[in-house]
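The numbering of the sequence shown is the working numbering, which starts it at 14 and goes up by one. We put the beta carbon where it would ideally sit given N, CA and C, even for glycine.
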Amino acid sequence: MQIEISPTRRRMLLGAVQALAGLAIAGTASATETPPKMTVTRDPNCGCCGKWVEHIKAAGFPVEVVQVDDVMPLKTRLGVPEALMSCHTAEIGGYVIEGHVPAEAVKRLLVERPKATGIAVAGMPIGSPGMEVPGQAPQTYEIVIFSAGRQSVFARYRGVQQV
């Protein structure tokens, strides 16, 4: 049985295909746009924080650095769980980034946009961005996604490579 498509239906189908193609192209363009500005709050005496900021800037993030003597009030206000606290706290796109989180994980967070307060790398794992130690192999560590009363593993990394 042969089905004829009237010119009107054919035009609608062609229009839908063109619209989908346009959306796909627009999605590709937005993925290459400059990410939103990141505000990093850090202690002015911490060298590893500066190295982490360099890592983030090298990944294309525009960064504003705020230096304060005590970052704890900010961490508390933003809802960073005590067990996940590290040496610096960043804010970007409505999320909190705590500690030595690789830039690729931040990009993933901004693309996926999960309902969460933010992501964190607890402590200062050797080999994480800003914590590179010549002659020492990078440690494997977890990036935790967190919200009030909820935490789970977002990703596992060794150095700047996801594992």
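Residue span of the beta strand (DSSP E) that contains residue i, given as start and end
i: Met85; result: Where Met85 is concerned, there is no enclosing beta strand (DSSP E), although the alpha helix (DSSP H) it sits in stretches over Met85 to Leu91.
i: Glu145; result: Glu145 -> no beta strand (DSSP E), and no H or E assigned at all.
i: Glu104; result: His101 to Ile105
i: Thr54; result: Met51 to Arg55
Per-residue DSSP class, three states only, for residue i
i: Glu111; result: strand
i: Val134; result: coil
i: Val157; result: strand
i: Arg121; result: helix
i: Val78; result: strand
i: Arg171; result: strand
i: Val176; result: coil
Pair within 7 Å by beta-carbon distance, residue i and residue j
i: Gly143; j: Cys61; result: yes
i: Pro147; j: Ile105; result: no
i: Ala116; j: Ala168; result: no
i: Val173; j: His101; result: no
i: Leu91; j: Val114; result: no
Any chain C beta carbon closer than 7 Å to residue i
i: Ala116; result: Absence of chain C from the displayed structure is noted, only one protein chain being present.
Quiz item: How about the segment 68-81 and the segment 122-139: do they share at least three Cβ pairs that are nearer than 8 Å?
Solution: Because the criterion of three Cβ pairs below 8 Å is not met, the segment 68-81 and the segment 122-139 do not touch.
Quiz item: Touch check for the segment 125-132 and the segment 141-153: three-plus C-beta pairs under 8 Å?
Solution: Judged by pairs of C-beta atoms under 8 Å, the segment 125-132 does not touch the segment 141-153, as fewer than three such pairs exist.
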